[in-house]
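Report on the following structure.
Residue numbers (my numbering), protein chains in the order written: chain V, 243 to 453; chain W, 395 to 611.
What follows is the structure, encoded as structure tokens:
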């Protein structure tokens with residue numbers, strides 16, 4: 243939003259300069275040309291920021307992108323749903339939506355969990371690659387700690403430095419850990435061997451397992 | 395020795411600058427050499443304007459939503475009237491879409507440019523005052539026409555999506571509408587007066603052809 247305001251302000255200021263710097267009979271020519279050139283140069287930024295501002299949340303609960311901004315339709319998304327008592331303060335007021343370039347552009351305060359979704363990614367075929375791309379957007383808040391068990395795959399110890407055993411139960415026959423949902427369903431493969439679609443939504447949330 | 399000119403490749407930016415130069419030379423040639431011709435046949439200048447609109451639309455295609463057709467539709471509406479506006483919109487759209495892409499949207503483009511031409515014809519007295527072009531009124535109308543045309547053409551998406559999506563679609567398109575509006579104002583600022591002189595030479599504003607056909611006594 244602030245980028246949009248800055249862009250519009252720059253366009254208006256330069257247009258005004260173009261208007262007042264010219265002789266009276268050339269003012270419209272000068273101002274209109276400056277306006278058009280600056281608008282063309284900033285059109286990419288302006289379109290992106292405008293699309294972010296005007297995006298709506300998908301309200302079809304049968305859609306894998308349910309609750310996500312329609313700006314990300316057809317694109318890949320990673321959501322981190324933190325436990326309420328351990329959510330980073332930056333995400334404590336709801337579910338934040340952060341674009342692939344790091345812009346936090348929309349917050350859903352009515353979502354039933356707190357955290358953040360990072361989206362707008364394209365072309366990732368493997369779950370771990372997409373997860374790493376999402377973490378790179380906020381490397382400290384989403385800091386990943388994993389243990390590699392070789393052929394068995396990766397085990398996620400922590401995301402964002404949160405030790406789940408300090409929040410949920412961990413014992414001989416019970417454990418609190420991160421669970422991966424792929425398009426709303428529990429993923430059947432580990433993150434390192436998970437195959438993605440063009441519009442995959444990966445959700446990381448905590449779960450308690452007993453055995 | 396024969397050189398293969400087709401082997402020369404230009405970058406998109408080089409091609410764009412070259413295209414822009416071609417359009418500028420075409421317009422300048424038209425404006426500066428036209429004084430030699432004294433024909434009062436409106437068909438001649440109407441044909442030249444159609445060629446200018448088609449070539450301008452094709453050559454400026456790399457710039458998103460900036461092309462001279464809307465501006466020229468307004469000028470045709472003012473100087474030639476309603477029926478010429480409809481003919482202009484139809485010929486320019488079909489001719490340029492042969493190169494750009496033809497589809498259901500072509501009909502909406504024809505309706506859009508014809509509507510703008512008709513409105514310009516009906517509002518002609520707002521644009522020509524004391525036999526002079528009122529550039530401020532024209533610039534405001536040209537800017538609004540950019541939005542009007544884009545919204546009319548946007549109606550074509552209703553063939554594919556629900557009406558509830560339409561408003562969001564229009565909202566998302568506002569930056570592109572602004573480009574169209576800005577481009578129109580630039581064309582008005584730089585070309586309206588010379589083109590007005592040129593059209594005046596080939597049309598008689600006092601005759602019945604130059605006023606909107608549906609205007610009353």
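All residues carry an ideal CB built from backbone N, CA and C; glycine is no exception.
Asked: Beta-carbon gap between residue 541 of chain W and residue 517 of chain W smaller than 8 Å; Found: no
Asked: Cβ pair residue 487 of chain W, residue 578 of chain W closer than 8 Å; Found: no
Asked: Residues of the stretch 569-593 of chain W whose Cβ lies closer than 7 Å to any Cβ of chain V, in chain order; Found: 569, 572, 573, 576, 577, 579, 580, 583 and 584
Asked: Contact the stretch 388-399 of chain V vs the stretch 419-433 of chain V: 3+ CB pairs below 8 Å; Found: yes
Asked: 8 Å Cβ cutoff, residue 270 of chain V in contact with chain W; Found: yes
Asked: CB of residue 329 of chain V within 8 Å of CB of residue 287 of chain V, strictly; Found: no
Asked: Closest by C-alpha distance to residue 441 of chain W, when choosing among W:569, W:565 and W:474; Found: W:474
Asked: Cross-strand partners of residue 386 of chain V (DSSP beta bridge); Found: V:401
Asked: Segment limits, beta strand (DSSP E) that includes residue 417 of chain V; Found: 416-424
Asked: Contact check, residue 462 of chain W vs residue 447 of chain W, beta carbons under 8 Å; Found: yes
Asked: Residue span of the alpha helix (DSSP H) that contains residue 555 of chain W, given as start and end; Found: Premise fails: residue 555 of chain W is in no alpha helix (DSSP H) and is neither H nor E.
Asked: Below-8 Å beta-carbon distance, residue 460 of chain W vs any chain V residue; Found: yes
Asked: Terminal residues of the beta strand (DSSP E) in which residue 337 of chain V lies; Found: 337-341
Asked: C-beta contact flag for residue 362 of chain V and residue 314 of chain V at 8 Å; Found: yes
Asked: Element boundaries [beta strand (DSSP E), containing residue 392 of chain V]; Found: From DSSP, residue 392 of chain V is part of no beta strand (DSSP E); its letter is neither H nor E.
Asked: Closer than 8 Å to chain W by CB, residue 293 of chain V; Found: yes
Asked: Three-pair Cβ contact test at 8 Å for the stretch 490-506 of chain W versus the stretch 539-557 of chain W; Found: yes
Asked: Beta-carbon contacts of residue 385 of chain V that lie in its chain and below 7 Å, excluding the five residues immediately before and after; Found: 402 and 403
Asked: Partner residues on chain W for residue 285 of chain V, Cβ-Cβ distance less than 7 Å; Found: 458, 569 and 573
Asked: Distance between beta carbons of residue 479 of chain W and residue 515 of chain W, contact taken as under 8 Å; Found: 6 Å
Asked: Interface residues of the stretch 514-543 of chain W facing chain V [CB-CB below 9 Å]; Found: 529, 530 and 533
Asked: Beta-carbon contacts of residue 605 of chain W that lie in its chain and below 6 Å, excluding the five residues immediately before and after; Found: Any reading at residue 605 of chain W must be qualified, since the residue scores a pLDDT of 45, below 50, and its modelled position is unreliable; the value itself is stated next. Here the set comprises nothing.
Asked: Cβ contact check for the stretch 363-375 of chain V and the stretch 315-323 of chain V: 3 or more pairs under 8 Å; Found: yes
Asked: Residue 492 of chain W classed as buried or exposed, judged by whether at least 16 other C-beta atoms fall within 10 angstroms; Found: exposed
Asked: Collapsed DSSP secondary structure at residue 527 of chain W in the structure displayed; Found: strand
Asked: Terminal residues of the alpha helix (DSSP H) in which residue 271 of chain V lies; Found: 269-283
Asked: Beta-ladder partner(s) of residue 428 of chain V, from DSSP; Found: V:423
Asked: Assigned secondary structure, residue 461 of chain W (DSSP; H/G/I helix, E/B strand, else coil); Found: coil
Asked: Counterpart residues of residue 522 of chain W in DSSP-defined beta bridges; Found: W:527
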